[in-house]
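A short worksheet on the structure shown next.
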Amino acid sequence: MKKIYFLSNAQSRILLWIIVLVFLAIIGSSLATRQILLLQLRDNIDSSLEQEVEEVKRLIDGRNPETGEPFGDDVSAIFDVFLSRSIPEDDEFFITIVNQKIHASSPIALPYSLQINGNVIDNWAQLDFTKKGKISTIEETLIYMAHPIQTEGNGQGVFIVAHSLTNRQKEIDQVIFVVFMVMVCFFVSALTLAWITTGQVLSPLQLLTQTARSIKSADQQLGRRIPVRGTDEIAELTETFNAMLDRLQASFTSQQNFINDASHELQTPITVIQGHLDLLSQRPNDSEEIMWLMKDELQRMSRLVKDLLLLARAERPDFLCLEMLQVNELTQSIFAKSVVIAFRQWFLVQMASVKIVADRDRITQAMMNLVKNAIENTQETDRIEIGSRLIDKQVYFWVRNTGSVISLENQQRIFQRFARIPGSRPHSEGAGLGLAIVQAIAEAHGGYVDLKSSPEEGSIFTLILPLEPPQDRATV
Numbered sequence: 147m148k149k150i151y152f153l154s155n156a157q158s159r160i161l162l163w164i165i166v167l168v169f170l171a172i173i174g175s176s177l178a179t180r181q182i183l184l185l186q187l188r189d190n191i192d193s194s195l196e197q198e199v200e201e202v203k204r205l206i207d208g209r210n211p212e213t214g215e216p217f218g219d220d221v222s223a224i225f226d227v228f229l230s231r232s233i234p235e236d237d238e239f240f241i242t243i244v245n246q247k248i249h250a251s252s253p254i255a256l257p258y259s260l261q262i263n264g265n266v267i268d269n270w271a272q273l274d275f276t277k278k279g280k281i282s283t284i285e286e287t288l289i290y291m292a293h294p295i296q297t298e299g300n301g302q303g304v305f306i307v308a309h310s311l312t313n314r315q316k317e318i319d320q321v322i323f324v325v326f327m328v329m330v331c332f333f334v335s336a337l338t339l340a341w342i343t344t345g346q347v348l349s350p351l352q353l354l355t356q357t358a359r360s361i362k363s364a365d366q367q368l369g370r371r372i373p374v375r376g377t378d379e380i381a382e383l384t385e386t387f388n389a390m391l392d393r394l395q396a397s398f399t400s401q402q403n404f405i406n407d408a409s410h411e412l413q414t415p416i417t418v419i420q421g422h423l424d425l426l427s428q429r430p431n432d433s434e435e436i437m438w439l440m441k442d443e444l445q446r447m448s449r450l451v452k453d454l455l456l457l458a459r460a461e462r463p464d465f466l467c468l469e470m471l472q473v474n475e476l477t478q479s480i481f482a483k484s485v486v487i488a489f490r491q492w493f494l495v496q497m498a499s500v501k502i503v504a505d506r507d508r509i510t511q512a513m514m515n516l517v518k519n520a521i522e523n524t525q526e527t528d529r530i531e532i533g534s535r536l537i538d539k540q541v542y543f544w545v546r547n548t549g550s551v552i553s554l555e556n557q558q559r560i561f562q563r564f565a566r567i568p569g570s571r572p573h574s575e576g577a578g579l580g581l582a583i584v585q586a587i588a589e590a591h592g593g594y595v596d597l598k599s600s601p602e603e604g605s606i607f608t609l610i611l612p613l614e615p616p617q618d619r620a621t622v
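Using the working numbering, you'd call the opening residue of the sequence shown number 147 and step up by one each time.
Structural data, given as structure tokens:
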């Protein structure tokens, strides 16, 4: 069954729930208010009934204002005096019964419910105790209180005060209806504002959906970002989505770089191997030499692929295995590994006595790449210095060599992949990825690589790292 589009929209569903809940609240509050008003009306009427009965009771022991004599057994006179003094309220009725017959009433016309039900009058005439009750018909509801009068002699009568609820109930219903309509008008206005507000609140989600759907061509669309507004959950979701796009873009860029680099750099050794395979059939006597050359090319391909994979993984959160390291011990270890590679004038000039959170293997790999770069660009008589120091909560690992000088123009491109400096030694086994790897390792630690080169000082490569790497890097 196909979903109704209106209900498939989050904004519409939220608005629908608001309509249901608020409408139920309006109906519930209206009914509760009506019931409270009816209870208050009943309490007021009961108090009024009791007050009228008490006034009649006070007259029994009083004097007739016309004669100045006590009423005695003259129940009719008691009722006449009361009716002459008391004017009933709207919808209120005074009825007096003497000798089981209606003596007088005020107003003269009896309520409709009594006119059609004569048995009620007869029952009241027989009462010998005070009685409260309600008479209900289709047209009218009557609340009454009947009180029998018994004088010291033989005077007997019944005083009834009754109150019709019909008109009062209609007034209450009219008030409730007006209040209900006012609340509905306010609700419609609030609903319009709620629709606009929810649209604004959910607009980042709609933009997020549109952005996700638009990512069809990664190289063109992964650069899109959603603007973050506010600090609520929607803003947090937007930041998370943007961070995910950052990771996707970095991963895609890394894959593209790997594919481009691999396809470009592996083409040469593959061509060389293919050419030597063709020579095997033509020069069978040179098969051993050809096999050695092909093995050498395969080893170079293996090193190249290994370096490319390392660069591809450098931006992943799990690239580093972090631990607490003593910088002086690490510096001494790097120096010990360096001096056995080639004969140079080696010097360990300084070691920082501080601890750093870093990946031992990656730092060692980066420094050894700098050492190999220095070896390739120096002679046996040249000086190579290794050291470390602490400056402004950053650890500086450096390799300095005399001899070759790198021009300012080449300093800008030396850390690019497969970059080779004019005049570099032709026997270098590297593919031009060593310094790119150094830079990737430094950036993974939240640091960078600095290069200074001059005829007086030689070339100084400095690996500058913070004492603690970024929080998004995994720690083992």
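Glycine is no exception: its CB is placed at the ideal position from the N, C-alpha and C atoms. Every value quoted in this text rests on a predicted model; they were computed, and no experiment measured them.
From which residue to which residue does the alpha helix (DSSP H) around residue i run?
| i | result |
| --- | --- |
| Val-168 | 156-206 |
| Ala-458 | 433-459 |
| Phe-225 | 221-231 |
| Leu-516 | 506-522 |
| Ile-587 | 580-590 |
| Glu-555 | 554-559 |
Can you give the beta carbon distance from residue i to residue j, rounded, assuming they're within the 8 Å contact cut?
| i | j | result |
| --- | --- | --- |
| Val-545 | Ile-530 | 7 Å |
| Met-329 | Ile-172 | 5 Å |
| Thr-312 | Gly-218 | Not quite, the Cβ-Cβ distance comes to about 40 Å (not below 8 Å), so this is no contact. |
So, at 6 Å on beta carbons, what are the nonlocal neighbours of residue i in its own chain, with the 5 sequence-adjacent residues on each side left out?
| i | result |
| --- | --- |
| Ile-587 | Arg-508 and Ala-512 |
| Leu-494 | Phe-481 and Ile-532 |
| Leu-162 | none |
| Phe-465 | Arg-459 and Ala-590 |
| Thr-477 | Met-497 and Ser-534 |
| Trp-492 | Val-485 and Ile-530 |
To the nearest angstrom, how far is the alpha carbon of residue i from that of residue j?
| i | j | result |
| --- | --- | --- |
| Ala-308 | Pro-216 | 28 Å |
| Tyr-594 | Val-418 | 37 Å |
| Ile-224 | Asn-269 | 22 Å |
| Leu-623 | Ile-160 | Residue 623 is absent from the model: the chain starts at 147 and stops at 622. |
| Gly-301 | Val-244 | 9 Å |
| Ser-574 | Leu-348 | Only weak support exists for where Ser-574 lies, its pLDDT of 49 falling under 50; the value from the coordinates is given anyway. Roughly 59 Å separates the two Cα atoms. |
| Ala-488 | Ala-381 | 57 Å |
| Leu-195 | Arg-231 | 16 Å |
| Glu-555 | Pro-601 | 15 Å |
| Met-514 | Lys-452 | 16 Å |
| Lys-598 | Val-517 | 15 Å |
| Pro-257 | Leu-339 | 52 Å |
| Pro-612 | Ser-534 | 13 Å |
| Glu-317 | Thr-242 | 29 Å |
| Val-112 | Trp-341 | Any question about residue 112 goes unanswered here, given that the chain covers just 147 to 622. |
| Asp-192 | Asp-236 | 15 Å |
| Asn-388 | Ala-156 | 22 Å |
| Ser-114 | Leu-581 | The structure shown does not extend to residue 114, since the chain is modelled only from 147 to 622, so the question has no answer here. |
| Thr-548 | Asn-519 | 12 Å |
| Arg-449 | Thr-377 | 48 Å |
| Thr-213 | Val-227 | 12 Å |
| Ile-248 | Gln-320 | 36 Å |
| Asp-528 | Cys-467 | 35 Å |
| Phe-333 | Leu-394 | 46 Å |
| Ile-295 | Ala-255 | 23 Å |
| Gly-421 | Glu-443 | 12 Å |
| Ile-164 | Ser-310 | 41 Å |
Excluding sequence positions up to five away, which residues of its chain have a Cβ less than 8 Å from the Cβ of residue i?
| i | result |
| --- | --- |
| Ile-322 | Ser-176, Thr-179, Arg-180 and Leu-183 |
| Ile-537 | none |
| Pro-572 | Model confidence at Pro-572 stands at a pLDDT of 46, short of 50, so the residue's coordinates are unreliable; what they give is reported in the following sentence. Here the set comprises nothing. |
| Val-199 | Thr-276, Met-291, His-293, Phe-305 and Val-307 |
| Glu-285 | Tyr-258, Ser-259 and Thr-312 |
| Val-503 | Leu-468, Glu-469, Met-470, Leu-471, Leu-613, Glu-614, Pro-615 and Thr-621 |
Locate the beta strand (DSSP E) running through residue i, then write down its first and last residues.
| i | result |
| --- | --- |
| Asn-547 | 540-547 |
| Leu-536 | 529-537 |
| Gln-472 | 469-472 |
| Gln-302 | 302-310 |
| Gly-604 | 604-612 |
| Phe-239 | 238-244 |
| Pro-294 | 287-296 |
| Ile-281 | 277-282 |
| Phe-140 | Since the first residue shown for the chain is 147 and the last is 622, residue 140 is missing from the structure and cannot be characterised. |
Does the beta-carbon distance from residue i to residue j come in below 8 Å?
| i | j | result |
| --- | --- | --- |
| Ala-590 | Ala-458 | no |
| Leu-288 | Lys-280 | yes |
| Ser-251 | Phe-239 | yes |
| Tyr-542 | Ile-606 | no |
| Thr-524 | Arg-490 | yes |
| Leu-425 | Ile-436 | yes |
| Gln-472 | Lys-501 | yes |
| Leu-391 | Arg-375 | no |
| Pro-253 | Pro-234 | yes |
| Leu-354 | Thr-399 | no |
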